[in-house]
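Protein sequence lines, in the order shown, are assigned to chains A and B. For the first sequence, my numbering assigns the number 1676 to the last residue and increments by one with no breaks. For the second sequence, my numbering assigns the number 596 to the last residue and increments by one with no breaks. For glycine and all other residues, C-beta sits at the position ideal for the given N, C-alpha and C. Have a look at the structure below, then the notes.
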Amino acid sequence: MLQVKDLHVSVDGVEILKGLSLDVKAGEIHAIMGPNGSGKSTLSKVIAGHPSYEVTSGEVNYDIDFEAKNLLDLEADERAKEGVFLAFQYPTNIPGITNYDFLKTSFNSICTHQGAPELGDEDFTKFINEKVKLVEMDPRFLDRPVNEGFSGGEKKRNEILQMAVLKPRLALLDETDSGLDIDALKIVSQGINSLHNKNNAFVIVTHYQRLLDHIVPDFVHVLADGKIVKTGDKDLALRLEKEGYDWVTKH
Amino acid sequence: MNIANLTNHFKQVNQNNHLLQAEREQSFERFAELGLPQRSLEDWRYSDLKKIKNLELINETVAEFKVANADKEFSFPVNQLVFKNGMYDQEASTLSDGFKDKVSVTEAQVFSSLGSESEFASNSFYHLNQSFNSQPYKIEVADGAFLKAPIVLTYKYEFSAGSMCHPQVNINVGKNSQVKIIEHHEFNGVHKDSSLINTFTQLNCAQNSLVKMLRVSEFTNSQVFQTGQFVADLWKEAHLDFTSVNLGGAFNRLECEMNHREERAELHVKGLYFAKGDEQVNMLARIFHAKGMGESHQLYKGVLSGKAKSVFDGMIHIAKDAQKVDSSQMNKNLILSDEAEVYTKPQLNINADDVKAAHGATVSQLSDEEIFYLMSRGIAKDKAKSIIQKAFVDEIVLSIGDLNIRNWLKQKVDQL
Ligand SMILES: Nc1ncnc2c1ncn2[C@@H]1O[C@H](COP(=O)(O)OP(=O)(O)O)[C@@H](O)[C@H]1O
Ligand SMILES: [Mg+2]
């Protein structure tokens, strides 16, 4: 589904990703771990299409439903329409637009792209209320401006709500577990597990083993200094937790 | 606006023994002394000299015009007074019986006076209006009147190049009355160079009255030079919400003076302005708290694109004995291009010691992070930008409580 090949990415002339490769197939869950500043957020934003990052070489290929696409040719909104979703490490506040209007506009632009009819207020309200229940969010958050005055945990939960609404094929979760208490962590993991199926894939950036108590990854990668330096199964995460990243860079 | 030509024109139009003739002469003298604004004047410093120079081509007042009335502008009940080139047209107006019982519209026999602190006394456009207005009108809302449908003052204009128009109206809202007022200036003729609309509006809010007023100037894409003066006096416990919206036009300058004449008055001033291309907007706001325990809150927001320029110049004066005043002043600007310019000058002049006064200004661009966030959710770039811009503007539009009026305005703003 996603094939990243020897990707080099710079920001303002500084190289951050230095030849990164990653292969994700439909139905898989990948965890990416790594020290701060190693390039995890950069990788997820590049895949989502953030314009500030310059891809100097390498490829990002994406194929769903037997159709191959070069993601780097698409604008961020087109990638979202093709099913790519990024849950931000630091979600952006958008003053003056309610969460409800935002979700509806977003949902309907994706519907339009996929040739499905747009939902009017009545149908969308029904639809969104179910999703709000799924992530156990206070429905009043729908009427508040997007992420304005939300706590860190509320923003993360809002990201999962958006994911539940948009049902992506490839979801990149960038430290969605940071700043969540145990209960919120459970809700978020349940959300992920209930959305996961054989036709979609998850790439989960995390610092902590504790998320992986709830979600079982097929692969665990260690990203250090702009490259994947080690790949293993879920036991690698346990090992990392015990020994720290130094252990990887030394071995 | 060559003073010699204008003097001749003034003599011609002001010779019919009109009641106001003597006052007009005084004003014209004062205008001739003051002359046209210069860039050396602090409040004109940021204005484009070329635009001011265009005024020199103006040398006569517009004629009255009678044309078939345009389509119905309002889809909800209003009491509409129509002014054509500044002259009241009773036939074109639609007033309910309830309105006629409580409100009178008459030709004013004297000019209303300004307070001693008013800066308009040394404002050439004010004197130009006094000298040349074809007829000042007086609108009196009786004490204790409660009008559900808004009073709409529709100003329509028709110009030939080189002409000017100076509407003047004085609105008095009686004690304990509640009214909504829309002052709507629109120009839908041919867009010509060098014409001037220079309005003067005076609003008196008597004790315990509640007034919600919206002023809209709709000269989108026109070359008309617009200047306006607005004075409001608030008496004991009066409440005024005043929102002015400028939808564009080559040059638009609106100067507001709001006076808390007695205690416990409450004032909310909002401004929303758009400028594109090489358009210019000047917004001046002077709030005088002569008496204490009052409130005044100002929020002006501008959206600028192209090479547009805006000036916000605000001042809150709080007199020595005006204790326990709560006042604030904020100017926020959204600039959509690298070449747009914003000058903003919120100021305070506080002479009392037990007051709250806050002021500030911001200038921002559409945030790349906000755009990316929306795009990452499948919203195309242009749409993302317009959503963010709309959110900026909505803070003012949504502050209009009357849903009919809000939607009427919203539709105009959305068209831009
Ligand atoms: N927009 C940016 N501008 C400048 N430097 C950046 C930008 N984004 C990331 N970086 C730098 O790139 C490196 C990797 O950052 P990031 O991808 O956020 O790491 P991680 O998510 O693994 O903590 C860091 O040194 C960071 O300072
Ligand atoms: Mg990060």
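Are the beta-carbon atoms belonging to residue i and residue j less than 8 Å from one another?
i	j	result
H469/B	Q509/B	no
V242/B	M393/B	no
S311/B	F190/B	yes
V321/B	G278/B	no
D1650/A	K1443/A	yes
G457/B	G486/B	yes
F263/B	L200/B	no
T381/B	V349/B	yes
D1599/A	F1491/A	no
S375/B	F431/B	no
Q406/B	T334/B	no
D582/B	K282/B	no
N1572/A	T1517/A	yes
D501/B	A532/B	yes
G558/B	I1535/A	yes
S357/B	S389/B	yes
A1662/A	K1450/A	no
I1519/A	Y553/B	yes
F410/B	C385/B	no
K525/B	L479/B	no
L308/B	N194/B	no
K1465/A	Y1478/A	no
Of the residues the options, which one's Cα is nearest the Cα of residue i?
i	options	result
V1647/A	E1453/A, L1665/A, F1552/A and D1437/A	L1665/A
L447/B	H346/B, E271/B, L546/B and D413/B	D413/B
K504/B	P257/B, H440/B and F339/B	H440/B
N513/B	K500/B, A502/B and S544/B	S544/B
K1659/A	S1482/A, G1508/A, T1631/A and I1612/A	T1631/A
F245/B	G266/B, Q478/B, S579/B and T524/B	G266/B
I585/B	A202/B, A329/B, A301/B and N194/B	A329/B
F492/B	D518/B, R204/B, R433/B and C385/B	R433/B
H346/B	N352/B, I331/B, H365/B and V332/B	H365/B
Y1428/A	K1667/A, T1656/A and G1483/A	First, the amino acid is wrong: residue 1428/A is Gln here, not Tyr. Per the Cα distances, G1483/A.
D1608/A	S1477/A, M1562/A and E1440/A	M1562/A
I183/B	K252/B, I498/B and L214/B	L214/B
F1644/A	G1459/A, A1505/A and V1628/A	V1628/A
G1462/A	V1439/A, D1448/A, I1454/A and G1474/A	V1439/A
L294/B	E550/B, G324/B and M438/B	M438/B
K1667/A	K1652/A, R1635/A and H1538/A	R1635/A
R395/B	D421/B, Q387/B and Q403/B	D421/B
How about residue i: is its C-beta nearer than 8 Å to some C-beta of chain B?
i	result
P1520/A	yes
I1629/A	no
S1466/A	no
A1505/A	yes
L1591/A	yes
D1502/A	yes
A1541/A	no
T1517/A	yes
K1427/A	Contrary to the premise, residue 1427/A reads as Leu rather than Lys in this sequence. So, not an interface residue.
L1511/A	yes
H1677/A	With chain A covering 1426 to 1676 only, the question about residue 1677/A has no answer from this structure.
H1475/A	yes
T1530/A	yes
D1535/A	Correcting the residue type first, residue 1535/A is Ile in the shown sequence and not Asp. At least one chain B Cβ lies under 8 Å of I1535/A.
Q1587/A	yes
Please check if any C-beta of chain A sits within less than 8 Å of the C-beta of residue i.
i	result
G435/B	The sequence shown places Glu at residue 435/B, not Gly. Not closer than 8 Å to any Cβ of chain A, the Cβ of E435/B fails to qualify, so no.
Y337/B	no
A541/B	no
F572/B	yes
M555/B	yes
I559/B	yes
I580/B	no
E475/B	no
F454/B	no
I568/B	yes
F552/B	yes
E575/B	yes
E271/B	no
E417/B	no
Between residue i and ligand 3, is there a pair consisting of the residue's CB and a ligand heavy atom that are separated by less than 7 Å?
i	result
S1466/A	Ligand 3 is not among the ligands present in this structure, which contains only ligand 1 and ligand 2.
Handout entry: Touch test, the stretch 1589-1598 of chain A against the stretch 1568-1577 of chain A, Cβ-Cβ under 8 Å, three pairs minimum
Key = No: the two stretches stay apart, fewer than three of their Cβ pairs being nearer than 8 Å.
Problem - Inter-stretch contact at 8 Å, needing at least 3 Cβ pairs: the stretch 213-232 of chain B / the stretch 299-315 of chain B - result: With a cut-off of 8 Å on Cβ pairs, the stretch 213-232 of chain B is in contact with the stretch 299-315 of chain B, counting three or more such pairs.
Exercise for the section: Decide if the stretch 1548-1567 of chain A is in contact with the stretch 1602-1622 of chain A; the criterion is three or more beta carbon pairs, one per stretch, under 8 Å apart. Expected result: As far as the Cβ criterion goes, the stretch 1548-1567 of chain A touches the stretch 1602-1622 of chain A, which means the pair count is three or higher.
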